[in-house]
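Trainee:
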Amino acid sequence: MEFVADFHIHSKYSRATAKNLDLENLYINAQLKGITVLGTGDFTHPGWWRQIRQKLVRAEGGLFKLNESIARQCDQNVPPPCRRDVRFMLVTEISNIYKKADKTRKNHNLVFLPDLDSAQTLINRLDKIGNIRSDGRPILGLDARNLLEIVLETSDEGYLIPAHIWTPWFSLLGSKSGFDCIEECFEDLSHHIFALETGLSSDPPMNWRVSSLDRFALVSNSDAHSPAKLGREANLFDTNLSYGAIKKALEGGEEGFLGTIEFFPEEGKYHLDGHRKCGFRSMPAHTNELDKICPVCAKPLTLGVLYRVEQLADRPENYRCESARFHQNLIPLEDILSEVYQVGPKTKTVTQAYQRLIQRYGSEFYILRDIPLEDLKKFNYPLVAEAILKMRKNDVHFDAGYDGEFGKVRLFNADERDRLQGQCCLFETTGEKKTAQVKKTQKIASKFIPKPTSQFPQSAKKPVKKIFIFNSGQQAALDHCQGPLIIIAGPGTGKTRTITSRITALIKTGKVKADRILAITFTNQAANEMRNRLTDMLDGSTVTAQLHIGTFHGICLGLLKQVHGADSLSIADETLKKSIMADALYQLKSKGHRFDFSDDFFLQIISKAKQQLLGPTDDLGSVLETGQQDAVSQTVAKVYQTYQDLLNLQNLVDFEDLIYQTVCLLKKDSAWRRKLQERFSCIFADEFQDINYSQYQFIRLLAPEKANLCVIGDPDQAIYGFRGSDVRYFTKIIDDYPESRIVFLSQNYRSTKTILNSSFQVIKGRQIQIRQGSGARTYSNRSTDQCLTIADAPSARSEAVAIGCSIEKLIGGTGFHAVDFGKVGDSGEGSLSFMDIAILFRTMEQGRLIRDVLESAGLPCQLASRQDWRSRPTVAKFIALLRIIAGQGAFWDLTHLQDLTSAPIGKNTLLAFKNWSYEKKLNLAAALQTLTKNPVPEFNKVQRFELEALICFVNSIKQKTAGFNLSQTLSHLADMTGHQSWFKNENFQELAQRAGSYEDNILGFLNDLALKKDTDFYHPGAQKIALLTMHAAKGLEFEVVYIAGCEQGLIPFKHHRDNGAGSIDEERRLFYVAMTRAKEQLFLTWSRKRVIYGKILDGELSPFVKKIEKDLIQHMNQTGQKKRRCEQLSLF
DNA sequence: ACACCATGGCTTTTT
DNA sequence: GCCATGGTGT
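When we follow our numbering, the leftmost residue of the first sequence carries the number 16, and every step to the right adds one.
(1) By the three-class DSSP mapping on this structure, what secondary structure does C1141 have?
(2) What do you get for Y764, buried or exposed, if any count of 16 or more other CB atoms within 10 angstroms of its CB means buried?
(3) Taking 8 Å as the threshold (C-beta atoms), are E1054 and Q1004 in contact?
(4) Can you give me the C-alpha to C-alpha distance between D611 and K604, rounded to a whole angstrom?
(5) If we ignore side chains and look at the alpha-carbon of each, how far apart do Y1057 and W884 end up?
(6) Where do the ends of the beta strand (DSSP E) carrying N707 lie?
(7) Which partner residues does E277 have in the DSSP bridge list?
(8) Answer with buried or exposed for Q877, where buried requires no fewer than 16 other C-beta atoms within 10 angstroms of its C-beta.
(9) Rounded to the nearest angstrom, how far is the Cβ of I854 from that of I1040, given a contact under 8 Å?
(10) If we count the other Cβ atoms within 10 Å of its Cβ and call it buried at 16 or more, is E720 buried or exposed?
(11) Quick check: the Cα distance between N949 and E963, rounded to an integer number of angstroms?
(12) Measure the Cβ-Cβ separation of L681 and L716 and say whether it is below 8 Å.
(13) Quick check on the DSSP output: the beta strand (DSSP E) that includes M1045 runs from which residue to which?
(14) In chain order, what residues of the same chain have a beta carbon less than 8 Å from the beta carbon of Y376, not counting five sequence neighbours either side?
(15) Would L937 pass as a contact of I920 if the rule is Cβ separation under 8 Å?
(16) Taking all protein chains shown into account, decide if K476 is buried (16 or more other Cβ within 10 angstroms of its Cβ) or exposed.
(17) Using 10 angstroms around the beta-carbon of M104, count the other beta-carbons present and answer buried if the total reaches 16, otherwise exposed.
(18) Starting from G565 and walking both ways along the beta strand (DSSP E), at which residues does that stretch end?
(19) Helix, strand or coil for D883, going by three-state DSSP, please let me know.
(20) State the Cα-Cα distance for the pair I67 and G274, rounded to the nearest angstrom.
(21) Taking M104 as part of the beta strand (DSSP E), name the residues at either end of that continuous run.
(22) Over the uninterrupted beta strand (DSSP E) stretch that includes W1101, give me the two end residues.
(23) In angstroms, rounded to a whole number, what distance separates the CA positions of F703 and T945?
(24) From K526 to D494, what distance separates their C-alpha atoms?
(25) May I ask you to verify whether the region 168-188 touches the region 125-144, counting CB pairs closer than 8 Å and requiring at least 3?
(26) Quick one: give me the first and last residue of the alpha helix (DSSP H) that H987 is part of.
(27) Can you have a look at E814 and say buried or exposed, based on whether 16 or more other CB atoms are within 10 angstroms of its CB?
(28) I need the straight-line Cα distance from F856 to T1044, nearest angstrom please.
(29) One question on the structure: do V777 and F1086 come within less than 8 Å of each other, judged by their Cβ atoms?
(30) Residues in its own chain within less than 6 Å of D253 by CB, not counting five upstream and five downstream?
(31) For the putative contact between N111 and D158, defined by C-beta atoms under 8 Å, what is the C-beta separation to the nearest angstrom?
(32) List the DSSP bridge partners of Y1087.
(33) Let me know if N122 comes out buried or exposed under the rule of 16 or more other beta-carbons within 10 Å of its beta-carbon.
(34) Can you tell me the Cβ-Cβ gap for P7 and A339, rounded? I've got them flagged as a contact below 8 Å.
(35) By Cβ distance, which residues of its chain are closer than 6 Å to A808, with the 5 residues on each side in sequence left out?
(36) Say whether the region 182-198 touches the region 328-336, bearing in mind that this needs 3 or more beta-carbon pairs closer than 8 Å, one atom from each stretch.
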């Protein structure tokens, strides 16, 4: 059957749409227009999705219809001659904003799916990627190619059609942020794209001029934001009514896609070029004469669709494509009536006339396209009839649309109007044959569909290897050959590049063998980064694999394994550590000790002690607060000893032990030490300002006085003093290695002068003097006219909103605050994308608020959080279980067995069992074994029963999984405990996936897991705004940085009961670190009121910022600059 | 064993 | 202002 379809519409849940855009009104208005198949639009929105599932029911072939009772009610509002069946199809539009090939891309894409299940699957996947709840047309920081991939994975029948491909702001081929061809955007998946939406401002003949579009079906949809706009463009089909048939027709295999109903492109909003605000419009040729500059305001013109088409066209005007289908240009009846009556399209006159017409004659499409001439003659509306005739003959004139302004129809001149109104029935047969265009029978099948060009040159994207030119400092660091080298490198001075270049040079010149190099970092992230860069620079991973790159803890674990054997060490993570401490305190309490301190207090002290290489029997005075020493040190020593005994009993080490024990061994075993010193003849230590005593000693022991030790860091970026790091070791190393060469890297390649000068004001005079004359400032050559911005807001929330607005301006509009996408971007930079922007703050609390505000505005952002993946219930459970199987379980692990066995062990039994075992100095594995051999009378009947069941359970698992590799073991565990559902659990899946490479080495797996919990902290590649604490931002860089909460009390941070002012310099450095993350632009924002601990406090600008402000003002006065370098942003 | 209230403490955080 | 902890009471 023949029918009209409009796939691209929206719901009331999209921004800037009509309130009455619900399924009922869509159903009614589709009939008034004469549309049979309607896209649902917006199905990723939870509200609309609920409506869809409630009100739509399955119809034939993957289509849906409004449920019977609602439909019958609605039909009362549909004039009988208009009534028809209406089918819905699951379609949604996604706004993709992302960076690709160094340019920000913004395009909109239609996604089609055949059934509710696959739609739900897609919703779930997109939900994880971005915020789909705040708008019917969600903005995702997702590459369109990857969206397509997801759609294809979701359903075999799913497909994607790029939307309104020519509009300047948000489209595939758009002039502002588009590509030049389809393959650039969809790469290897391009052949899955078979149709393109031409959009209101272009029609098929314009598209025919671009030969690369020949193979695509050109569809047209309304993109309706209100029911009245339905079908202003639409598609004609002759297929049976089903999802599959429509897809096939579009794919072109069959002839069911007849063609399209079009707007006159001149009526579209972006047909010509111009400036709406300036009231200036021009044709492409004229635009070029003007150099694309607006003669009114001298800014670049908004280039329209016609311009862009001519840019990409490889064929002349009026070229007719061989595969062309039928198309017909129509003017919405409302617009015709508006022109006829010389009143606005939304006026009562027009609405009433419209109603009368469709009640009498039928649907709008019937009136516009099909009413026979004879009937038109008898029309009571001569001007309307003439207008329709003119339209059908294409005898229409326009003031064409430009820069978001719709074009205006001009059907009659004054003469014509008078004449027609005078003579009511003018219609002789003036030889008006139905124009060829109106004959629907004209079908031109697309016989020729070129083979997909999947060979898009991938190589073009491979980054060309850059040839670096080193500055004198860097060169000195590279040229240094023997002995200790200390590199002091300010922010953005090419620290990593220098260190990796040095390593590369050492290997390539054959001076050092790769396997004798040891590179130590603090974080896994840094280690990975270094490894990746080296792999690039060393042309392959074979050499890199021989290098020893790792974190302090990782390297020490490896060394301890050498000594203790691989399977006798298990790392006690945070939770386990706490349980052991609880056990220790319990034991002491039951012996009559009383404490006024929490577990955390003791753990903290012990951790500090270990960092100072102090054991339980050493004098702990130095790690205690002054005044506490005598009173507490005895207790602490006792707790420390007990805690340590419990760790030892169970072969557990905590994080600090890894380094502490390694250092102790190195001290004791001089043969081993010498062996290692020879082995690692070349040692690199990164981020040296963050080192603590034990780590320093570790390096001292590995690297003798004249060793090839290279340390690199920046004392001014030392921000981890609160966890034991001490920047003084940077000074100490110079004394301890008197022959060391010191190199300063002071040229910053990252930030502009403005940013760097400002940041210097913060630390000026407070720099840590490594030696006389050091503390030279980092400088930059990058001039800019970009100001530093200091801005205030009335509240923390409005501060967040202001940041959001500011970002939107920078990005050049996201389509949200602009109605439709009309008024965006005069001030837009255009080249920025979300991933180039970071918002930094001091506390997570601020971060959460900012995230909430940005997300509800639909701006994609990621709040970096180090929530421990392993403490999620499923993961924790399996880790506990694996520990038990590996014979390394702690008693605490038993609490995780609750829902794994049919006979869980009770609290009392566990306690009794634990106490008994501790008494007998048995760890879990040993205790279980002892009990297996000879049951003990100490326990009562119930306890004995529970313990037997436990032993039985553990043994049976052990037996059944013997010889299994880890993944097999995991599946077996899920299976045998009756938790098959876990196979679908994503945490379980991730665990299984990570376990994959460990064969049967459970302990190795668990230890790595404990040392590498960097799973989803922050994704640098994600197309999202980064929300980071100032600490977490260290080592990263962004084009634009906002530092929020620049207030007294927050920066520097004032703890509510913090008495010591000792950390103020660290706070200063932290702010310095934060500021120097910015490359191009830096915003410092603060709030005049802020709620802290429930109290509303008056804010005052941070003293650090005041310093900057003062300097900038002074600088302005001195140089007499007119240019404001420091400006107040007016936020609202 | 659980429900209830009161109190206190609030940051940054790799491994 | 909110959450977690701990103590008391049923």
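Don't be surprised by glycine CBs; every beta carbon is placed ideally from N, CA and C.
Mentor: The answer reads as follows:
(1) Low local confidence applies: a pLDDT of 41 at C1141 is under 50, so the model's placement there is unreliable, and no value is given.
(2) exposed
(3) no
(4) 11 Å
(5) 28 Å
(6) Segment: none, N707 is in no beta strand (DSSP E) and carries neither H nor E.
(7) N344
(8) buried
(9) 7 Å
(10) exposed
(11) 11 Å
(12) yes
(13) Premise fails: M1045 is in no beta strand (DSSP E) and is neither H nor E.
(14) P96, I382, I386 and D390
(15) no
(16) Summary for K476: the model assigns pLDDT 39, below 50, so the residue's position carries little reliability, and this model does not support an answer.
(17) buried
(18) H563 to T566
(19) coil
(20) 28 Å
(21) R102 to K115
(22) A1093 to S1102
(23) 49 Å
(24) 12 Å
(25) yes
(26) L981 to M991
(27) buried
(28) 5 Å
(29) yes
(30) E17, G271 and L273
(31) 7 Å
(32) Looking at the DSSP assignment, Y1087 forms no beta bridge with any residue, so it has no partner.
(33) buried
(34) Absent from the model: residue 7. The displayed extent of the chain is 16 to 1147, so no value can be given.
(35) E814, A817, S1102 and L1146
(36) no
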